[in-house]
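What follows is a single structure, written as structure tokens, with notes after it.
Residue numbers (my numbering), protein chains in the order written: chain R, 1 to 214; chain S, 215 to 563; chain A, 564 to 682.
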């Protein structure tokens, strides 16, 4: 099976474009949206090479679940979502360095194992029946041990998540939030007075009542 | 070049067949959603001993059209602090994701029309079940981003509650469906329906069916799980600030999602298009009768959803999450273990 | 393979056209008369004090984390479910260990109170 070059290049350009958007847009929530789009395109790339189950997984886990966690994590750590929030833009030389290092590693792997990339021919059976059963077979027979290790890995991840969340609820945080609350109340009282005064003035002047604006 | 592309991209179907099917599915879903709003108002009215809308057309049958036109001509109010891009994108994503998920649901068995194999869905794919799950899962972004973009406190609360609710119940739904996959040993919806020739899966998987239906109610934000909207406390929740057609899109998405989950439940548990009264299923007429059976079964489920909405009160949020994580999820795992054991034991003996 | 999904691509195009077209039509035919009051976020008639975009409760983060872990588990379960008939008892035992591990995880989270919602 060969990949249609037109389809491949269209998808590849979109993957790269959305990936650049993720790091380039200033608003971090917009970056998350670009990330979802990027994951979507990668799923299309998997489809292009005939890996339908992998594409569904990519959609379900990467496009459907990971960004939820990222968004929640962002909202958890930042007090409020400021528009100029994406501070990574300032660190782009470092990011470039890391990316180039990663790229070098990938190219190295590719160079070392170059002849293997051509050896694998894609059986027609997989194209007709889909890859789900084959993947299941491989997971539960040939790669049974890594499969079980994966469950242990998930367990560790879960324990880690719970511990992280617990620590955040520790007393130091509670104290800080108490302090924050007091400050906020003060600020709120101050602002309410200010705004109500402004609003009353505005309404009195009749600048913006609906009747007169028409 | 264009011809090349067309030849490459449309595999088993002609491109114009695909186009016609696409327009039909979109039209069907939009009409179904519109008339479900009327049905909902009629059902609620009769449950509350009222008559319901009856002024626009006979029995109020033109009411949905009047509503649509009215929505279209309304002002698009928008709060000043909104996120301009997402405020525009989120409602469209809600409707779009809901509609897109329907592409792989087979309304009838493959029919032979003069030697041409007619599929009664947009696309016949091997991992159809996962596709539906993955695309409907995108609805969570429409709700979260929509609520966040509006910069309204009710909206953000609704969006937060809703996204946590949706992801929790997505698990319950996925685990409930695995029991069906074990029995059908396929992710292809058409094969799953065909595996029910002898008995519908609701007979063999009653627990999974119940779990799926409860999960589906939560996934579509229907009562008793409508906390994201909660009219009395959150003032419509994530779509408080949306008006005109943007509100219309959220509404459309919600009702199309209802159609999708009921259709999926029909295909997975109620034998899809398989008739109760035997019918020779080969020509296009047979296929059409299959569609009737399918939609009939789905309609009963839709009515059930409305009935539940106008009968049960809303759950409290902590109880909602408890039900998802502490009841539905363990029960789903139990169902997988039991079903897997029975199937493996029977295969071994 | 990709060609099986091409109709979905066509359908995606139809959906996008629908989403953009209807919003554009609505913007074209609907009135647009913004006033400062109309542009305030709706808070039941009270003047809003500050931005709605605030920190969340940590419970939401834990829920998302749990969601991802169980989502990954379900993705492992689907291919297993399609071939459990052929794998017979061996596959069942393997998956039994896998499910048991994650069930322990669920019980751990439960016991730690991470599933408790308090306000």
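All C-beta atoms in this analysis are idealised placements derived from N, C-alpha and C, irrespective of residue type, glycine included.
**Study point:** Neighbour-count burial assignment, residue 42/R, 16 or more Cβ in a 10 Å radius
**Key:** Per the 10 Å Cβ criterion, buried.
Check your understanding: For the stretch 371–398 of chain S, which residues have a CB atom closer than 7 Å to at least one CB atom of chain R, in sequence order?
Key -> In summary, the residues of the stretch 371–398 of chain S whose CB is separated from some CB of chain R by less than 7 Å are 377, 381, in the order they occur in the chain.
Review point. Roughly how far, in whole angstroms, is the beta-carbon of residue 339/S from the beta-carbon of residue 354/S, given that I think they are within contact range, below 8 Å?
Key: With a Cβ gap of about 23 Å, residue 339/S and residue 354/S do not count as contacting.
Review point. When you check each C-beta in the stretch 632–649 of chain A against every C-beta of chain R, which residues fall closer than 9 Å?
Key: If you check each beta-carbon in the stretch 632–649 of chain A against every beta-carbon of chain R, the ones closer than 9 Å belong to 632, 633, 634, 635, 636, 637, 638, 639, 641, 642, 643, 644, 645, 646, 647, 649.
Review point. With distances taken from CA atoms, which of 255/S, 269/S, 358/S is nearest residue 263/S?
Key: If we check each option's Cα against that of residue 263/S, 255/S comes out closest.
Exercise for review: For the alpha helix (DSSP H) containing residue 325/S, list its first residue and its last residue.
Suggested key: Residue 325/S -> not in any alpha helix (DSSP H); beta strand (DSSP E) instead, spanning 325–327.
Review point. Does any CB atom of chain A fall closer than 8 Å to the CB of residue 455/S?
Key: It does: the Cβ of residue 455/S has a partner Cβ on chain A nearer than 8 Å.
Practice item. Could you tell me whether the Cβ atoms of residue 30/R and residue 299/S are closer together than 8 Å? Key: For residue 30/R and residue 299/S, yes; Cβs fall inside 8 Å.
**Study point:** Cut-off 6 Å between Cβ atoms - residues of its own chain near residue 407/S, not counting five sequence neighbours on either side
**Key:** Excluding five sequence positions before and after residue 407/S, the CB atoms of its chain that fall closer than 6 Å to its own CB belong to 481, 486, given in chain order.
Point to revise | Cβ distance (whole Å) where residue 643/A is taken to contact residue 136/R below 8 Å | key: The pair is a contact, with the Cβ atoms about 5 Å apart (cut-off 8 Å).
Check your understanding: What distance in whole Å lies between the Cβ atoms of residue 427/S and residue 529/S, which are believed to be in contact at a cut-off of 8 Å?
Key -> In fact, because the Cβ distance is near 16 Å, the residues do not count as touching under 8 Å.
Check your understanding: How about residue 682/A: is its C-beta nearer than 8 Å to some C-beta of chain R?
Key -> In this prediction, residue 682/A has a pLDDT of 48, which is less than 50 and means its spatial position is unreliable; nothing more can be read from the coordinates.
Point to revise | Given 8 Å, three or more beta-carbon pairs between the stretch 304–321 of chain S and the stretch 575–586 of chain A | key: Three or more Cβ pairs drawn from the stretch 304–321 of chain S and the stretch 575–586 of chain A lie within less than 8 Å of each other, which places the two stretches in contact.
Point to revise | Neighbour flag for residue 652/A against chain R, beta carbons, 8 Å | key: No, because no Cβ of chain R sits closer than 8 Å to the Cβ of residue 652/A.
Practice item. Could you tell me which of 71/R, 158/R, 40/R, 100/R sits nearest to residue 666/A, measuring between CA atoms? Key: Closest option to residue 666/A, Cα to Cα, is 158/R.
Point to revise | Beta-carbon spacing of residue 470/S, residue 312/S below 8 Å | key: Yes, these two residues count as a Cβ contact at 8 Å.
Check your understanding: Can you find a C-beta in chain S that's less than 8 Å from the C-beta of residue 623/A?
Key -> Closer than 8 Å to some Cβ of chain S, the Cβ of residue 623/A qualifies, so yes.
Review point. Distance, Cα to Cα, residue 154/R vs residue 148/R?
Key: C-alpha separation (whole angstroms): 10 Å.
Review point. Should residue 273/S go down as buried or exposed, given a rule of 16 or more other Cβ atoms within 10 Å for buried?
Key: Its Cβ having fewer than 16 others within 10 Å, residue 273/S is exposed.
Check your understanding: Going along chain S in order, which residues have a C-beta closer than 7 Å to the C-beta of residue 68/R?
Key -> Going along chain S in sequence order, the residues near residue 68/R (Cβ under 7 Å) are 354, 377, 381.
Review point. Within 10 angstroms of its Cβ, does residue 662/A collect 16 or more other Cβ (buried), or is it exposed?
Key: Its Cβ being crowded by 16 or more others within 10 Å, residue 662/A is buried.
Practice item. May I ask which residues mark the beginning and end of the alpha helix (DSSP H) holding residue 531/S? Key: Note, residue 531/S: alpha helix (DSSP H), 531–536.
Practice item. Could you give the DSSP three-state label for residue 490/S: helix, strand or coil? Key: Shown here, residue 490/S sits in coil according to DSSP, grouped into three states, outside any helix or strand.
Review point. Quick one: which chain A residues come within Cβ less than 8 Å of residue 458/S?
Key: The answer, in chain order, is 589, 593.
Exercise for review: State yes or no: is the C-beta of residue 162/R within less than 8 Å of the C-beta of residue 625/A?
Suggested key: Yes, they are a contact pair.
Check your understanding: For residue 345/S, which residues of its own chain have a beta-carbon under 7 Å away from its beta-carbon, when the five flanking residues on both sides are left out?
Key -> So the qualifying residues of the chain are 318, 339.
Exercise for review: Taking residue 130/R as the query, report the chain S residues whose CB atoms sit under 7 Å from its CB, ordered along the chain.
Suggested key: Those are 340, 341, listed as they occur along chain S.
Review point. What three-state label does DSSP hand residue 337/S in the structure shown?
Key: Judged by DSSP in its simplified three-state form, residue 337/S adopts coil rather than helix or strand.
Point to revise | Cut-off 7 Å between Cβ atoms - residues of its own chain near residue 46/R, not counting five sequence neighbours on either side | key: Excluding its 5 nearest sequence neighbours in each direction, residue 46/R has C-beta neighbours in its own chain below 7 Å: 54, 55, 58, listed in chain order.
Exercise for review: At 4 residues or longer, and completely inside the stretch 28–72 of chain R: list those alpha helix (DSSP H) runs for me, N to C.
Suggested key: The DSSP assignment places complete alpha helix (DSSP H) segments of no fewer than 4 residues inside the stretch 28–72 of chain R at 28–48, 52–57, in order along the chain.
**Study point:** Helix, strand or coil at residue 81/R according to DSSP, with G and I counted as helix
**Key:** Unreliable placement is indicated for residue 81/R, whose pLDDT of 48 sits below 50; the coordinate value is still reported in the next sentence. Taken through DSSP and simplified to helix, strand or coil, residue 81/R comes out as coil.
Review point. If you measure from the CB of residue 54/R, is any heavy atom of the ligand FAD nearer than 7 Å?
Key: Of ligands this structure carries none, so the ligand FAD is not represented either.
**Study point:** Alpha carbon of residue 231/S to alpha carbon of residue 601/A, nearest angstrom
**Key:** When only Cα atoms are considered, residue 231/S and residue 601/A end up about 47 Å apart.
Check your understanding: If we count the other Cβ atoms within 10 Å of its Cβ and call it buried at 16 or more, is residue 26/R buried or exposed?
Key -> Residue 26/R should be labelled exposed.
Point to revise | Contact the stretch 459–466 of chain S vs the stretch 274–290 of chain S: 3+ CB pairs below 8 Å | key: As far as the Cβ criterion goes, the stretch 459–466 of chain S touches the stretch 274–290 of chain S, which means the pair count is three or higher.
Practice item. Compute the distance between the beta-carbons of residue 316/S and residue 278/S, then report whether it is under 8 Å. Key: Not in contact: residue 316/S and residue 278/S (Cβ atoms no closer than 8 Å).
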